[in-house]
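Peer 1: If you're matching positions, the sequence shown starts at 1170 in my numbering and goes up one per residue.
One structure, pasted below without further comment.
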Amino acid sequence: MDKNSFLSLFFGIEDPIAHILGDWSKEPTPAAAVLRIALAFFLSALIGWERSSKRHSAGFRTFIAMTLSGTLAPLLDTYIGRKFGSTFFLLSAAAVVSSARIATRTLFFSSRNQIMGLTTAVSLWASCFLGIALGAGFYTLALVSFFAILFCLSKLPALEFYLKNRSNHFEIHLELKNSLNLQNFVTTIRRLGLKIDAIEMNSAYANSGLSVYSIAISISSAELKKYKTHREIIDALSTLEYVYYIEEI
């Protein structure tokens, strides 16, 4: 099955954007390759700008480089296949695997035992697939995917925060002035109608003079579930005299 037949199978018709542009855009001609690379650069720059504006570990240049590598892979696979009669898309497969490995390197644990960079890592991997779609000539699929990725990164955090703030489970970073105050804190938590699921001492603050913990909490009180958000609960706990600092993680 050639590429145009595959496009017809995938979309029901040939790629709509390629149909508008003309036959020259459907094959990996030099002009089509330039168009695909330019689109990859522009679209990934917008995604990278969104990440950079929020000071994430992988930003502008990283997203551009990742997407361009994904775009070049199917183009090279096609050229190599035509020259040597190969039907294997080895570079495209390698690009997917390599991008996944690179993306995982953006993950790290903060001093508060929180996994950081997960959204950026997944976005990097998605940008590679975006590049592969462009390199293969799936213009419409690539553009739809681009808008979906950008919408997810820029518009959904507010909804995610709202849903997270209303859930029955949350985790806090707690700094106590003295380790002897932990029992008092646990007692207060239970009186409020909260349940402690797990407590982990944070060794990163061992020499700070504070007792620091990561605590997983469930809301067991029906009244709290109905009327209180995580923010309100944490604000109330922060007023305890032995609490040095507390926040949700």
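Where is the CB? At the ideal position from N, CA and C, for every residue including glycine.
How would you call Ile1365, buried or exposed, if buried means at least 16 neighbouring beta carbons within 10 angstroms?
Peer 2: Its Cβ having fewer than 16 others within 10 Å, Ile1365 is exposed.
Peer 1: Report back the beta-carbon spacing between Glu1340 and Ala1385 to the nearest angstrom; my notes put them in contact at under 8 Å.
Peer 2: That belief holds up - the Cβ atoms of Glu1340 and Ala1385 are roughly 5 Å apart, short of 8 Å.
Peer 1: Whose CA, out of Leu1293, Ile1186 and Thr1288, lies closest to the CA of Ala1214?
Peer 2: Checking every option, the nearest Cα to that of Ala1214 belongs to Leu1293.
Peer 1: Return the CA-CA distance between Ile1216 and Ala1242, expressed in angstroms with no decimal places.
Peer 2: Their Cα atoms are separated by approximately 20 Å.
Peer 1: Based on DSSP bridge pairs, tell me the residues matched to Phe1339.
Peer 2: According to DSSP, Phe1339 bridges with Ile1386.
Peer 1: Within its chain, find whatever has a CB closer than 6 Å to the CB of Thr1398; leave out the 5 residues flanking it on each side and keep chain order.
Peer 2: Hits under 6 Å: Asn1334.
Peer 1: So who's on the other strand from Met1370, going by DSSP bridges?
Peer 2: Paired residues: Tyr1382.
Peer 1: Along the alpha helix (DSSP H) that carries Tyr1414, what are the first and last residues, could you check?
Peer 2: From DSSP, Tyr1414 is part of no alpha helix (DSSP H) but of the beta strand (DSSP E) over Val1412 to Glu1417.
Peer 1: Measure the C-alpha to C-alpha separation of Ser1389 and Ser1336 and round it to an integer number of angstroms.
Peer 2: Whole-angstrom Cα-Cα distance: 11 Å.
Peer 1: How many angstroms separate the CA atom of Asp1246 from the CA atom of Phe1210?
Peer 2: Asp1246 and Phe1210: Cα-Cα distance of roughly 20 Å.
Peer 1: For a test of the three-state rule: what should DSSP assign to Glu1329, helix, strand or coil?
Peer 2: DSSP places Glu1329 in helix when its eight states are reduced to three.
Peer 1: Is Val1355 near the ligand HEM, in the sense that its beta carbon is under 7 Å from a heavy atom of that ligand?
Peer 2: Only the bare structure without any ligand can be found here, which leaves the ligand HEM out of the picture.
Peer 1: For Glu1183, name the three-state secondary structure that DSSP assigns.
Peer 2: Note: Glu1183 maps to coil in three-state DSSP.
Peer 1: By how many angstroms is the C-alpha of Thr1240 removed from the C-alpha of Pro1199?
Peer 2: Taking the straight line from one Cα to the other gives about 14 Å.
Peer 1: Could you say if the segment 1253-1272 and the segment 1318-1327 meet the contact criterion of at least three C-beta pairs nearer than 8 Å?
Peer 2: Because the criterion of three Cβ pairs below 8 Å is not met, the segment 1253-1272 and the segment 1318-1327 do not touch.
Peer 1: If you run the structure through DSSP and keep just helix, strand and coil, what is Leu1409?
Peer 2: DSSP places Leu1409 in coil when its eight states are reduced to three.
Peer 1: Please report the residue range of the alpha helix (DSSP H) in which Pro1197 lies.
Peer 2: Pro1197 -> no alpha helix (DSSP H), and no H or E assigned at all.
Peer 1: Tell me which residue opens and which closes the alpha helix (DSSP H) that Phe1229 is part of.
Peer 2: Counting along the chain, the alpha helix (DSSP H) containing Phe1229 begins and ends at Phe1229 to Phe1253.
Peer 1: Identify, in the order they occur along the chain, each residue of the same chain with its Cβ nearer than 6 Å to the Cβ of Gly1138, setting aside the five sequence neighbours on each side.
Peer 2: Residue numbering for the chain in the displayed model covers 1170 to 1418; residue 1138 lies beyond these limits and cannot be assessed.
Peer 1: Cutting at 7 Å between CB atoms, please list the residues of its own chain near Glu1329, excluding the five before and the five after it.
Peer 2: Nothing meets the Cβ criterion.
Peer 1: For Leu1345 and Val1412, which I take to be in contact (beta-carbon distance under 8 Å), what is that distance rounded to the nearest angstrom?
Peer 2: About 6 Å separates the two Cβ atoms, so the contact holds.
Peer 1: Measuring CB to CB, does Thr1309 end up less than 8 Å from Pro1197?
Peer 2: Contact: no.
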